[in-house]
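The numbering used here puts the first residue of the sequence shown at 11, with every later residue one more than the last.
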Amino acid sequence: MDRSMVAKKIYNIAIKSLLVSLVFILINSCLDEYIPKVDRYENLLVVDGNISNQSGPYVVRLSASSAVSNPQYKPVSDATVSIESNMGESETLTESEDGIYHTHADGIQGITGRSYRLRIITHDGKEYESHYELLKPAVPIDSLYTRQEYHQDPIIDQEYGGLQFYINTGDRQEDTTYYLWKLEKTYQFQSDYLIKMYFDGQLSRFPQPDSFYNCWKSAKIPEIFTYSTVDLDQSTVKEYPLHYVNTENRELSIRYSLWVEQYSISEAAHRYWQQLKDQNIEEGALYTQQPYQVRGNIYNIHDEDEAVLGYFMVAGSDSKRLFVDRPNLIFNYPICSLGEGDYDAFKYIGWTDKKTWPLYVVMDTDGAFALPHQDCLDCRRKGGSIEKPVFWDR
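1. Tell me which residue opens and which closes the beta strand (DSSP E) that K192 is part of.
2. For Q7, does the three-state DSSP call read helix, strand or coil?
3. Within 8 Å, do at least three Cβ pairs link the region 169-182 to the region 343-351?
4. For K230, does the count of other Cβ atoms within 10 angstroms reach 16, so buried, or fall short, so exposed?
5. Exposed or buried, what is M97 when buried is set at 16 or more other beta-carbons lying within 10 Å of its beta-carbon?
6. Measuring CB to CB, does L145 end up less than 9 Å from I308?
7. Are the CB atoms of L213 and V372 nearer to each other than 9 Å?
8. Considering just the uninterrupted stretch of the alpha helix (DSSP H) at A229, what are its terminal residues?
9. Just confirm the distance between the C-beta atoms of G10 and V57, as a whole number of angstroms; I'd bet it's less than 8 Å.
10. What is the rounded straight-line gap between the Cα of A89 and the Cα of L72?
11. Hey, S238 and T187: beta-carbon distance below 9 Å or not?
12. Here's a check: name, in chain order, each residue in its chain whose Cβ is nearer than 8 Å to the Cβ of R390, leaving out the five neighbours to either side.
13. Under 7 Å Cβ to Cβ from Q162, same chain only, skipping five residues before and after it: list those, please.
14. Of the choices G117, G394, R265, whose alpha-carbon is the least far from that of N338?
15. Straight-line CA distance for D181 to E143?
16. Under three-state DSSP, which class holds D352?
17. Check whether the region 101-109 and the region 60-74 are in contact - that is, three or more C-beta pairs closer than 8 Å.
18. In the DSSP assignment, find the beta strand (DSSP E) that holds I166 and state where it starts and stops.
19. Does DSSP put Q384 in a helix, a strand or coil?
20. Measure the Cβ-Cβ separation of F235 and W191 and say whether it is below 9 Å.
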């Protein structure tokens, strides 16, 4: 990595650490400090699930909250989970993995105009329900598109180029519509080198040099995007900004895909998601409001004072996928370059720990072998998969 790039990264980290410290100092000096009792946040039921007009199967995830100081995923298994409609339809979900429950492919189907609720009985006999919510008509997505924009870094005085994603909706049927958008990204990226040789006790020619050269990576985008058409005269939403991707990493380096699910949700669901959004963007959230104050639509039917986290969403939905190729912008992500240490490392490859084998080797333009950091030539080590997504060439 170029020394100036390294220095820049170190500087950014130092500045961010300093600002985080200053935020906590200001919070402690300007606000009434809230000292959380950690045990009040532990082992609360967390629910994530929905039903829509789209065909199933629908998925409900149950987990238990963990300590603020030690966050971890704790699935809630062996529960009885069912979805019911106000017309008498119901289905008991099947637990496919720990804490993950799903309907059958030919099971209950969300129908616009009907109301649905979730029922849960945990293995220790506690009973929970969500309030009935009406499945509202879906509003179609008219278009997804991008613009090249330069955004200010929130920490340092620096602008970065990138792509801003926007959405336009189609006409809505109701005077007031509440929207929630959920996003998932998938992008292709490449290693910096092709593999020439590999070492597993002896040095051998690597049969397919580009085997670990191209990778794809998918991830849900954690940002919360909500909108209300209260007091909006026009029947469509135009140029609503979704997320922004800059050129400081490899996400836009080859090809990028954004999958957008647009939900027409209830006023109560909109209020819940908006409160979560506000809490997530507020500095020092633990000091300004208690996390369990963001209550969803699920409650213990025998103890309504029990805090339950999460929401069972009933919503009309539409979805669309957008592909974008590498934009004509300057990219600033680190790129590997062979140095003297990489050539020296190859000379002593026979002394390496067997647990690290196989080791992949590159060859420069002069025919000399080098052993760089393995992230430079195995894209899987950056969290990618060499399996191309089935939708990629559509």
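Beta carbons: idealized from backbone N, C-alpha and C, even for Gly.
With the structure as the only source:
1. Counting from one through the sequence shown, the residue named residue 192 turns up at place 182. Per DSSP, K192 belongs to the beta strand (DSSP E) from 188-200.
2. For residue 7 there is no data in the structure shown, the boundaries of the chain being 11 and 404.
3. Look at the beta carbons and you see the region 343-351 not touching the region 169-182: under three pairs across the two are nearer than 8 Å.
4. The residue you call residue 230 lines up with position 220 of the sequence shown. Residue environment analysis places K230 among the exposed positions, since fewer than 16 neighbouring C-beta atoms fall within 10 angstroms of its C-beta.
5. Here the question's residue 97 lines up with position 87 in the sequence shown. With a threshold of 16 other beta carbon atoms within 10 Å, M97 falls short and is exposed.
6. On the sequence shown, residue 145 is found 135 positions in, with the first residue counted as 1. On the sequence shown, residue 308 is found 298 positions in, with the first residue counted as 1. No, Cβ-Cβ distance for L145 and I308 is not below 9 Å.
7. Numbered from 1 along the sequence shown, position 203 holds the residue referred to as residue 213. Numbered from 1 along the sequence shown, position 362 holds the residue referred to as residue 372. Not closer than 9 Å, so no.
8. As a working note, residue 229 is residue 219 in the sequence shown. Taken as a continuous stretch (DSSP letters only), A229 belongs to no alpha helix (DSSP H), being part of the beta strand (DSSP E) at 224-230.
9. Residue 10 cannot be examined here, being either before or after the span of the chain that is shown, 11 to 404.
10. For the purposes of this step, residue 89 is taken as the residue at position 79 of the sequence shown. For the purposes of this step, residue 72 is taken as the residue at position 62 of the sequence shown. A89 and L72: Cα-Cα distance of roughly 9 Å.
11. In the sequence shown, residue 238 corresponds to position 228, counting from 1. In the sequence shown, residue 187 corresponds to position 177, counting from 1. Contact flag set, yes.
12. Taking the first residue of the sequence shown as position 1, residue 390 is located at position 380. Result list for R390: F222, C225, I396, in chain order.
13. The residue given as residue 162 occupies position 152 in the sequence shown. Closer than 7 Å at Cβ, skipping near neighbours: E169.
14. As a first step, residue 338 is located in the sequence shown; it is residue number 328 there, counting from the start. Minimum Cα-Cα distance from N338 among the listed residues G117, G394, R265 corresponds to R265.
15. Here residue 181 is taken as the residue at index 171 of the sequence shown, counted from 1. Here residue 143 is taken as the residue at index 133 of the sequence shown, counted from 1. Looking at the backbone, the Cα of D181 and that of E143 are separated by about 22 Å.
16. As a position in the sequence shown, residue 352 is number 342, starting the count at 1. Under the three-state reduction of DSSP, D352 is assigned to helix.
17. Touching, yes, given that three or more Cβ pairs across the two stretches are closer than 8 Å.
18. Reading the sequence shown from its first residue, position 156 is the one you call residue 166. Segment: none, I166 is in no beta strand (DSSP E) and carries neither H nor E.
19. Stepping through the sequence shown from its first residue, residue 384 is reached at position 374. Reduced to three states, the DSSP call for Q384 is helix.
20. Residue mapping note: residue 235 aligns to position 225 of the sequence shown, counting from 1. Residue mapping note: residue 191 aligns to position 181 of the sequence shown, counting from 1. Yes, the pair counts as a contact, with Cβ atoms nearer than the cut-off.
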